[in-house]
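One structure below.
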Amino acid sequence: MRCAQLGLRTALIVTPVNVLHNWKKEFTKWQPAELKPLRVYMLEDVPRLKRLYLLNKWRAKGGVLLIGYSSFRNLSLGRHVKEKDTADEISNALQCGPDILVCDEAHMIKNRKADTTHALKQVKTQRRIALTGSPLQNNLMEYYCMVDFVREGFLGSSHEFRNRFQNPIENGQHTNSTSDDVKIMNQRSHILYEQLKGFVQRMDMNVVKNDLPPKKVFVITVKLSQLQRKLYRRFLDVHGFSSGTSEKPYQHGGFFAKYQKLAQIWNHPGLLQMAKEQRGSLRREDAVENFLTDESSSDDNHNIEIQLPNGGKQKSRTDQRSKKIDFLNEESNWWENLLDDNTFKEADYSGKMVLLLDILATCYELGDKALVFSQNLTTLDLVEFYLSKMQIKGKEGKYWKQGKDWYR
1 MRCAQLGLRT ALIVTPVNVL HNWKKEFTKW QPAELKPLRV YMLEDVPRLK
51 RLYLLNKWRA KGGVLLIGYS SFRNLSLGRH VKEKDTADEI SNALQCGPDI
101 LVCDEAHMIK NRKADTTHAL KQVKTQRRIA LTGSPLQNNL MEYYCMVDFV
151 REGFLGSSHE FRNRFQNPIE NGQHTNSTSD DVKIMNQRSH ILYEQLKGFV
201 QRMDMNVVKN DLPPKKVFVI TVKLSQLQRK LYRRFLDVHG FSSGTSEKPY
251 QHGGFFAKYQ KLAQIWNHPG LLQMAKEQRG SLRREDAVEN FLTDESSSDD
301 NHNIEIQLPN GGKQKSRTDQ RSKKIDFLNE ESNWWENLLD DNTFKEADYS
351 GKMVLLLDIL ATCYELGDKA LVFSQNLTTL DLVEFYLSKM QIKGKEGKYW
401 KQGKDWYR
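Heads up: the sequence shown begins at 1 in full-length UniProt numbering, then just goes up one per residue.
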């Protein structure tokens, strides 16, 4: 857009809403300091009533407009705008305003008949760019949709593409494919590659490997705390896994259910308490639901038995739900004499949690970014609780804040 010969004044970038702010930061990060800052507008930053004003300003002064896929679709099709004249003006600004259209995560344009695809194809611009990951590893029809968006009709109709490329290529990818199937697959893949290489730029890891540090994987073994070891042994005893005595025979739940319970122990013992509170919340919600049920359903109706064709009987749905809650509550007391109400507030009961918090604190001091993954949402809730209690080093009385120091 800095080159006058290109004739680019306005750029429209459509992207998933969760990376909108990242796009805006990238423009600030990479633009040369000696040049005048590029105007970057983000539709999500302004109230609904000021959207038309922002679009007119973008078209008049030029720059980059960032917008999410759903917002673009709805505004282009005149949705969620009360006045028809305003809706038409907004739609016209989006459809006729950009000199170049860029679609990030373009594999989202995977359905030719979807409203999003239809709205994007209505944009009147001679320059379209689709950014995506490794499209040939995904569904070939998704690949066709992206190519058809950039150069409509280049690969023919979807029916022609399916017969000429998709079916032959997919037929050669099965374990029982014949040698002829594999040969045809390679031929059609090569033909497709040659046809598209003029405007499809494939960038592999070699492009950035000199700029990125090598990946290092560390697997750290963390010892269980004394409390965790007690809970672990108690769990094995209660569920009949110990070689010695068993307080209760192993009856309910499969392997994965028991694994999830153990995962709560080794992540942090406080998760057992938090899970119990969630079960209590479920019971309260069920009680409210039953209370709001039509009064024509008597108490007896909640426990009716339904006669099945084979002569058997089945409990009603309400009775089944109560059994589900009973199952959730089952064996919930086996750990209570080992924990108190404030166990979840102490990170020291879990070596893993202490180590995680130390890593995050170090990343914060170094200015590094960190991603934390967990298979359990309750674990993330507990991590957030500890982050809210973390004091910023060198700033007495200042603590981490959600939306500033961590995001979820």
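Glycine is no exception: its CB is placed at the ideal position from the N, C-alpha and C atoms. What you are looking at is a predicted structure, and each value in this text was computed from that prediction instead of being measured.
Classified as exposed, S388 has fewer than 16 neighbouring CB atoms from the shown chains inside 10 Å of its CB. The stretch 34-42 makes no contact with the stretch 80-94; the number of CB pairs closer than 8 Å stays below 3.
Taking all protein chains in view, the Cβ of S179 is surrounded by fewer than 16 other Cβ atoms within 10 Å, so the residue is classified as exposed. The alpha-carbon of F255 is positioned some 37 Å away from that of E170. For A106 against L131, the beta-carbon gap comes to about 6 Å, under 8 Å, which counts as contact.
Looking from the CA of Q375, the closest CA among A263, G63, K124 and R162 belongs to A263.
Here the stretch 156-164 makes no contact with the stretch 121-131; the two share fewer than three CB pairs at distances below 8 Å. Taking all protein chains shown into account, I109 has 16 or more neighbouring C-beta atoms within 10 Å of its C-beta and is therefore buried.
DSSP, read as helix, strand or coil, puts L65 in strand. Inclusion of T10 and W58 in the CB contact set at 9 Å is warranted, their separation being smaller than that value.
Under DSSP, L101 shares a beta bridge with L12 and R128. With respect to L75, A87 sits close: the two C-beta atoms are nearer than 9 Å.
Under the 8 Å Cβ criterion, the stretch 334-354 counts as touching the stretch 218-237, having at least three qualifying pairs. For Y407, no beta strand (DSSP E) segment is defined, and its DSSP state is neither H nor E.
Around the Cβ of V383, a 10 Å sphere holds 16 or more other Cβ atoms; the residue is buried. In the structure shown, V200 adopts coil according to DSSP, grouped into three states. Rounded to the nearest whole angstrom, the CA to CA distance from G153 to A4 is 30 Å.
The Cβ atoms of N139 and A93 lie no closer than 9 Å to each other.
For M42, the uninterrupted beta strand (DSSP E) run begins and ends at V40 to M42, by DSSP. In the DSSP annotation of this structure, the continuous segment of the alpha helix (DSSP H) that includes F255 starts and ends at F255 to N267. Going by C-alpha positions, W30 is about 45 Å away from H174. The DSSP-derived three-state label of Q31 is coil.
Only buried fits H268, as 16 or more other CB atoms lie within 10 angstroms of its CB. Counting along the chain, K113 sits inside no alpha helix (DSSP H), nor does DSSP assign it H or E at all. Per DSSP, the beta-bridge partners of Q391 are Y399. Taking the CA atoms as reference points, E26 sits about 20 Å from P98. Counting along the chain, P213 sits inside no alpha helix (DSSP H), nor does DSSP assign it H or E at all. In the structure shown, the three-state DSSP call for V217 is coil.
With 16 or more other CB atoms across the displayed protein chains lying within 10 angstroms of its CB, D104 is buried.
Straight-line spacing of the CA atoms in S189 and V238 works out to 59 Å. Assignment of D180 by DSSP, reduced to helix, strand and coil, places it in the helix class. The alpha carbon of V147 has as its nearest neighbour, out of T117, K36 and T378, the alpha carbon of T117.
Pairing D204 with N210, the inter-Cα distance amounts to about 12 Å. The closest CA to that of L101, considering only R151, M185, D85 and Y144, is found on R151. Separation of N176 and V182 (C-alpha to C-alpha, rounded to the nearest whole angstrom) is 10 Å.
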